Every structure is written in structure tokens, then in C-alpha cells.
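Asks: Chains as they are written, first to last, in numbering that gives the first Met the number 0: chain D, 0 to 263; chain B, 0 to 263.
My structure is below; once you've seen it, I'll send some questions.
There are 2 protein chains.
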Amino acid sequence: MSAAKGSAPERRDTGTLGKLMVLLDLVTHADGPMRFTDILAAADQPRGTLHRQLSHLVEEGLLEIDAEGRYSPGLRLLDLASRSWARNEFRLVAEPHLKALQDLTGETVHLGVLRGTSIIYLDKFEGQQPVRMYSQIGNASPVYCTGVGKAALSILPRERVRALVADLSFHRFTANTHTAESLLAEIEQIREQGHAFDREEHEIGIRCIAAPIWSETLSLVGGVSVTGPAYRLTMEKLSEWAAPIQQSAERIMEAMRIGLGPRR
Amino acid sequence: MSAAKGSAPERRDTGTLGKLMVLLDLVTHADGPMRFTDILAAADQPRGTLHRQLSHLVEEGLLEIDAEGRYSPGLRLLDLASRSWARNEFRLVAEPHLKALQDLTGETVHLGVLRGTSIIYLDKFEGQQPVRMYSQIGNASPVYCTGVGKAALSILPRERVRALVADLSFHRFTANTHTAESLLAEIEQIREQGHAFDREEHEIGIRCIAAPIWSETLSLVGGVSVTGPAYRLTMEKLSEWAAPIQQSAERIMEAMRIGLGPRR
DNA sequence: TTCGATTGTTCTATTATTTGGAACCTAATT
DNA sequence: AATTAGGTTCCAAATAATAGAACAATCGAA
């Protein structure tokens, strides 16, 4: 093996599927519909090849193409996702506990899991606000600027954290967003405290407190969080919820051991 | 080619992707996690081949495998879906109109599109409850037993309806569920009325009224509906909403012509 | 309109991946 | 220890994907 630079790009070997997923990601992560030429420029491939690949994705409903020849994510994804969400055991087990936490705090409660270097939000319970924001569920956010993300990192072995951080590129969302160094330092603190804060690190005006959740083998790593506007949620106020949120996390882990443990 | 029987199974030619999507569908549509052997039995493939295919799907995050070797849908699907949902133009355009309809009726409002022989729900506005994203959204339901489905069919050319109905297998959900004949008959009625009812055809105790929405080229076909419990929503009550719901559909179509029309 | 450039589609020999089948593990069961 | 079921690895043969060019269709400007 010739590991030239520190961290090799680590290309996955998933054959044809991998190439198609790159395209799917490309179109899905774009701001809007993409023309054939846009995709051609972004994906380094011959035109003929790209054309067939896109056709296959469209035929399977993973992409859609409109009358003007622009590609967008396909609705088949919604069906697949709604089924996988509805059945997700972690989410089902956590649900009542999230609800309880929402009742207690009156603020928005999130459930997230670590996948790669992102936190994927699995569920969300909002307060009474008539404002509808379900955009959050399913969203993948960077680990380094979310409470759940930092909480999750805090229970991983130091070595894994270091490896993961090395793979990260830090985008400075706000003045408080972490750098690699400050993140690693805070993880140590969180490890001792048992909970993590987000001090407007992702979005100005938004604070949160989170507690980690993990399975024994670390096959599942994530967390719960309580989030709200900074003007209402002072750091003192947030700190008051440290105990209840950690307790909530404990209860979810306990419920998981029953619900997800080895059968029989 | 030897087109033996009347309607060939019409196998899609999407090469490797097609084969993988069959597996993804299989696991996603199952009631719970599947063992390797379960999948082996359902998918008619050699073990070695299946093993590699599943590995690739897992590596790409489309499937997940737990400690006991059981396969479930992967969370990557959530991320892909949430992005495609958030950006969907039809949904964005319709949103305010759905909200208005919800305010007017006080009952649950759905937005759906026709995909193949199913209706995929794109959005949902409930009474006071904050919406749980994937509770209904993303779900694919059969055309023949939903208000939106029947409304959608009513604006398709008769020939296309007949072809579509021929592809359908009718599951008798309730005593009122349609058969092919009764469905075709009702479509004719809906065509004239401009709106469709669901008279407890999918679920006992649930009624609904729906109006069709379509683009000029029929590249987009779907509808809006108002749904609620039968004890509260008598057929008379539902009928009162025929005008407002059709008006709502009209407004959405108008907004689409502006929002989705040919650029410039 | 005509020319030229841009964008999208189809075709085919070459190349790479997938396939099928068997052999090989591993953990549980008798 | 032997047997079975469940899962994984291997490799020659079959198949599908690729690259590149040729072909259409569309668009803009002269």
C-alpha cells in the first residue's frame, strides 16, 4: 500500500453502485435542479457513460428529469426513507423519552445518531410553536458544531475521535464554531461532565444542551438534545437541564438494552 | 423478441442498479430486519453474489447490518430523502394553500402525487399537532383506495387509466374497497364532478374528499385531500368542502404555472 | 436564413465488473 | 467429535460498463 499523504482519500470499493451514488449525492446536495452539462462538469466522466448512468437512476425513480432536461432527486427516495424511519428501532425506543423531555423543558428535543462524520437527526419534538420546521429530521449536520455531535464524540475512544477529526473539514459557521484543536479540547471536558453544550456554534441565536447515548459495542452512537433560542435559554438555564437530559439518555439506553438486546 | 403473454412483466433494464434496487426494496418493505438467509430465499440468486451485493449496499449506507447479522434499511436514505423533500417544487408551491385549507376545515390536509400505480404523500397538515415528518409523508399508497388517487386518475386519459388499472392488484382493505370495475365506473363520475370521495375504502372510520391537480403535459398528476374520522365527517359535511378544495387545487395549479413554467 | 457552437443521445469495440459455483470458514447442535 | 446451518471468500466464465467518436437536436448570432 502506498499511503502517500497522511490520510488517503479512502475510496470505497462498491463498484458500479459507488459511482452511481456519487451522482445521486451530487444531484441531491445541489441547490436546485441540475442540467446534464452541470453534472458532466462535476462528475469526471465521458458523456456517453454519464448519460446511461443518469438514465438508469431516472428509470429506477432515484432521480427525476423534468421537461427542460433538468435532474432532481426522485420521489422514490421518500418512500424508501419513510419506511426506514417508521421502523427504526432506536427511534421507536426513544420516542416516549423524548416526549417526556419535551414536556419537561418546553423546548425542542432532538434525537440524533452518528454516521461517519455527521449527525443524522432521527426525530424531533417541538414545543407548541405553530411554526412548522420538519426540515430537520433526516438532515445530516457536521459533528463539530452540534450538541449531539460533540456528545457522541465524547464517548468514543480517543483514537477514534482523533481519526474522525482528521477526516473533517471545519467550516466556520459562526464566530464560536470549533477548530480541530478547540474541539478536541472540549471533548475532554464533555467526557467528564457527561453532557455537551452548543454555544451558538452552528447558528447565532441557537443554543443547546445534549447528552450521549451509546450501545455497548459502540455500534450505535448518538444523543439527545434540547435546543432553543439564546435569548430564552441562558447558559444557566441550560445547565439546569443537565441532570434531566442525562437521565433521559440513561433511560433510553436502558430501554435499548431490553428492546435491542440479543433475542431470547 | 417473443412477447408470449398479453402483458409481459416489463422488466426494467437498469443493469446492475436494477438488481440492487430489488434488494433494497425487499429489505425496506419487510416488516423487520432480515437475515441473510431470508433475503437469499426471497431473491433468487447465488449466495456469493448476494453477499457481495448486500456488502456494497451496506458500505454505501443504503442498508445496515446489526451485530446479529440482520439487515435493515440504512439511514443514508433519510438524508437523501430529506433533501429531496425540502427542495420539492410542487410541495413548496402548494404549501400555503394546504395551510389555508387546513385552517378552513380544521381537518387533516394531504398533498399527493401519482407515481406509477401509487400515490406518494408529499405533505400533510394536521390540526394542532406538530407534524411528524415521516408519519405519512413519503408513504406510497395504492391509487384505488385513496381520495387523491382516484382524483388523480380522473384527469388521466381513459386509455391510460385502463392500462394502469390493468397493472393493479386489488387488495380488499375494507368492505368498501373498490374492484377494477367499480373503480373504473367511479372514475367516470369523478371526472364530471371534479372531486373524489374516499368512503372508508382504505380504512374503516376514515373518510376523505379530494381534488385533482395536474400540469398541462400531465408530467405531474396528483391532488389535495381533506381527511378525517367518519363520525365527525358525514358525507354531507364532506360535500360542503367540494367547492373550497377544488378552488384550492385551482390555486395551486395557477401558482405552479407561474413557479414551474418555462424559464424566462 | 445559414453557419457555428453548444447540448444531448446513440453506437461499438474494449475493458472492467459481476456472476455462479464450489470451497471454505465459524458457531451452534447432537 | 461429527453434523448442520449460516455466512464468507475465491476465481474462471459471462455480462455489463466504459470511452470515445459519431450523430442529432437546439440555440444564437450574423
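C-beta atoms are modelled at their ideal positions from N, C-alpha and C, and glycine is treated no differently.
In this text, all values refer to a predicted model and were calculated from it rather than measured experimentally.
Hey, which unbroken runs of the beta strand (DSSP E) at 3 residues or more fall wholly within the stretch 205–233 of chain B?
Replies: Those beta strand (DSSP E) runs which fall completely within the stretch 205–233 of chain B and span 3+ residues are 205–213, 220–228.
Asks: Please list the residues of the stretch 63–85 of chain D that have a C-beta atom closer than 8 Å to any C-beta atom in chain B, keeping them in chain order.
Replies: Residues Asp65, Ala66, Glu67, Ser71, Pro72, Gly73, Leu74, Arg75, Leu76, Leu77, Asp78, Leu79, Ala80, Ser81, Arg82, Ser83, Trp84, Ala85.
Asks: Can you find the residues in the same chain that come closer than 6 Å, C-beta to C-beta, to arginine 190(B), ignoring five residues on each side of it along the sequence?
Replies: To locate residue 190(B), count along the second sequence from 1; it is residue 191. If we look at arginine 190(B) and ignore the five residues flanking it on each side, its Cβ neighbours are Ser153.
Asks: Among Leu22(B), Met33(B), Ala66(B), Arg256(B), which residue has its Cα nearest to the Cα of threonine 216(D)?
Replies: The residue labelled residue 216(D) in the question sits at position 217 within the first sequence. For the residues Leu22(B), Met33(B), Ala66(B), Arg256(B), the minimum Cα distance to threonine 216(D) belongs to Ala66(B).
Asks: Run through chain D and tell me which residues come within less than 7 Å of leucine 19(B), C-beta to C-beta.
Replies: Position 20 of the second sequence, counted from the start, is the residue given in the question as residue 19(B). What leucine 19(B) touches in chain D: Leu16.
Asks: CB-CB under 8 Å to arginine 206(B), same chain, minus the five flanking residues each way: which ones, in chain order?
Replies: Reading the second sequence from its first residue, position 207 is the one you call residue 206(B). Closer than 8 Å at Cβ, skipping near neighbours: Phe196, Asp197, Arg198, Glu199, Thr226, Gly227, Pro228, Ala229, Leu232, Met234, Leu237.
Asks: What are the boundary residues of the alpha helix (DSSP H) that leucine 61(B) is part of?
Replies: In the second sequence, counting from the first residue as 1, residue 61(B) sits at position 62. Looking at the DSSP string, leucine 61(B) is not in any alpha helix (DSSP H), and its letter there is neither H nor E.
Asks: Going residue by residue through the stretch 107–174 of chain D, where are the continuous alpha helix (DSSP H) segments of at least 4 residues, counting only ones entirely within it?
Replies: Those alpha helix (DSSP H) runs which fall completely within the stretch 107–174 of chain D and span 4+ residues are 146–153, 157–165.
Asks: How long is the line joining the alpha carbons of leucine 290(B) and glycine 221(B), rounded to whole angstroms?
Replies: Outside the modelled stretch of chain B, which goes from 0 to 263, sits residue 290(B), for which no answer is possible.
Asks: Look at the alpha carbon of leucine 77(B) and the alpha carbon of serine 83(D), and state the distance between them as a whole number of angstroms.
Replies: For the purposes of this step, residue 77(B) is taken as the residue at position 78 of the second sequence. For the purposes of this step, residue 83(D) is taken as the residue at position 84 of the first sequence. So the alpha carbons of these two residues sit roughly 8 Å apart.
Asks: Once DSSP output is grouped into helix, strand and coil, what is the label at glycine 260(D)?
Replies: Counting from one through the first sequence, the residue named residue 260(D) turns up at place 261. Residue placement at glycine 260(D) is flagged as unreliable, the pLDDT there being 47, under the threshold of 50; the coordinate-derived value follows with that caveat. Three-state DSSP puts glycine 260(D) in coil, outside helix and strand.
Asks: The alpha helix (DSSP H) that contains alanine 184(B), what's its start and end?
Replies: In the second sequence, counting from the first residue as 1, residue 184(B) sits at position 185. Where alanine 184(B) is concerned, the enclosing alpha helix (DSSP H) stretches over 179–192.
Asks: Can you pull the chain B neighbours of threonine 226(D), defined as C-beta to C-beta under 7 Å?
Replies: Walking along the first sequence from the start, residue 226(D) turns up at place 227. Correct list: empty, because the minimum Cβ distance to chain B is about 14 Å.
Asks: Going by alpha carbons, who is nearest to alanine 41(D) out of Val26(D), Ile251(D), Phe124(D)?
Replies: Residue 41(D) sits at position 42 when you count from the first residue of the first sequence. Closest option to alanine 41(D), Cα to Cα, is Val26(D).
Asks: Any idea what DSSP makes of arginine 86(D), helix, strand or coil?
Replies: What you label residue 86(D) is simply residue 87 of the first sequence in a count that begins at 1. It is helical.
Asks: Along the stretch 98–122 of chain B, what residues have a CB closer than 9 Å to any CB found in chain D?
Replies: Within the stretch 98–122 of chain B, the qualifying residues are Lys98, Val112, Arg114, Gly115, Ser117, Ile119, Tyr120, Leu121.
Asks: Below 8 Å between beta carbons: does that hold for threonine 178(D) and histidine 201(D)?
Replies: On the first sequence, position 179 is the one that residue 178(D) refers to. On the first sequence, position 202 is the one that residue 201(D) refers to. No, these two residues do not count as a Cβ contact at 8 Å.
Asks: Which one of Ala165(B), Phe124(B), Ala93(B), Glu125(B) has the shortest CA to CA distance from valine 142(B)?
Replies: Translated into the one-based positions of the second sequence, residue 142(B) becomes position 143. Ranking Ala165(B), Phe124(B), Ala93(B), Glu125(B) by Cα distance to valine 142(B) puts Ala165(B) first.
Asks: Per DSSP, arginine 198(B) is paired with what?
Replies: Counting from one through the second sequence, the residue named residue 198(B) turns up at place 199. DSSP output for arginine 198(B) lists Arg206(B) as bridge partner(s).
Asks: State the Cα-Cα distance for the pair glycine 148(B) and glutamine 188(D), rounded to the nearest angstrom.
Replies: In the second sequence, counting from the first residue as 1, residue 148(B) sits at position 149. In the first sequence, counting from the first residue as 1, residue 188(D) sits at position 189. Their Cα atoms are separated by approximately 55 Å.
Asks: Is proline 32(D) helix, strand or coil by DSSP?
Replies: Indexing the first sequence from 1 puts residue 32(D) at position 33. Reduced to three states, the DSSP call for proline 32(D) is coil.
Asks: Would leucine 53(B) be called buried (16 or more neighbouring beta carbons within 10 Å of its own) or exposed?
Replies: On the second sequence, position 54 is the one that residue 53(B) refers to. Its Cβ being crowded by 16 or more others within 10 Å, leucine 53(B) is buried.
Asks: With a threshold of 16 other CB atoms inside 10 Å of the CB of threonine 104(D), please say whether the residue is buried or exposed.
Replies: Taking the first sequence and counting its residues from 1, one reaches residue 104(D) at position 105. Answer is buried; the Cβ neighbour count reaches 16.
Asks: Kindly indicate the opening and closing residues of the beta strand (DSSP E) around proline 45(D).
Replies: Translated into positions along the first sequence, residue 45(D) becomes position 46. Careful: proline 45(D) lies outside any beta strand (DSSP E) and carries neither H nor E.
Asks: Interface residues of chain D around leucine 23(B) at Cβ under 9 Å?
Replies: Within the second sequence, the letter at position 24 stands for residue 23(B). In chain order: Leu79.
Asks: Taking the CB atoms as reference points, tell me whether alanine 80(D) and leucine 23(B) lie closer together than 8 Å.
Replies: Locating residue 80(D) in the first sequence gives position 81, counting from the first residue. Locating residue 23(B) in the second sequence gives position 24, counting from the first residue. No.
Asks: For glutamate 58(B) and chain D, any beta-carbon pair shorter than 8 Å?
Replies: By 1-based counting over the second sequence, the position of residue 58(B) is 59. Chain D, which has a Cβ nearer than 8 Å to the Cβ of glutamate 58(B), makes this yes.
Asks: Kindly list the residues whose CB is nearer than 7 Å to the CB of arginine 263(D), restricted to its own chain and excluding five residues on each side of it in sequence; keep chain order.
Replies: Start at 1 with the first residue of the first sequence, and residue 263(D) comes out as number 264. Residue confidence is low: arginine 263(D) scores 31 on pLDDT, short of 50, so the model does not pin down where it sits. No coordinate-derived value is stated.
Asks: From leucine 62(B) to proline 32(B), what distance separates their C-alpha atoms?
Replies: Start at 1 with the first residue of the second sequence, and residue 62(B) comes out as number 63. Start at 1 with the first residue of the second sequence, and residue 32(B) comes out as number 33. Approximately 10 Å, taken between the alpha carbons.
Asks: How would you label threonine 107(D), buried or exposed, when you count the other beta carbons within 10 angstroms and need 16 or more for buried?
Replies: Numbered from its first residue, the first sequence carries residue 107(D) at position 108. Under this definition threonine 107(D) is a buried residue.
Asks: Taking 8 Å as the limit between beta carbons, can you name the residues of its chain near glycine 146(B), skipping five residues before and five after?
Replies: Position 147 of the second sequence, counted from the first residue, corresponds to residue 146(B). Contacts found: Ala195, Phe196, Asp197, Cys207, Ile208, Ala209, Gly222, Ser224, Thr226.
Asks: Could you give the distance in angstroms between the alpha-carbon of leucine 167(D) and the alpha-carbon of tyrosine 120(D)?
Replies: Taking the first residue of the first sequence as position 1, residue 167(D) is located at position 168. Taking the first residue of the first sequence as position 1, residue 120(D) is located at position 121. Computed Cα separation, rounded: 19 Å.
Asks: Return no unless some Cβ of chain D is closer than 8 Å to the Cβ of histidine 28(B).
Replies: Locating residue 28(B) in the second sequence gives position 29, counting from the first residue. Cβ-Cβ to chain D under 8 Å: yes for histidine 28(B).
Asks: Using a Cβ-Cβ cutoff of 8 Å, what residues of the stretch 193–207 of chain D are near chain B? List them in chain order.
Replies: Residues passing the 8 Å Cβ filter: none.
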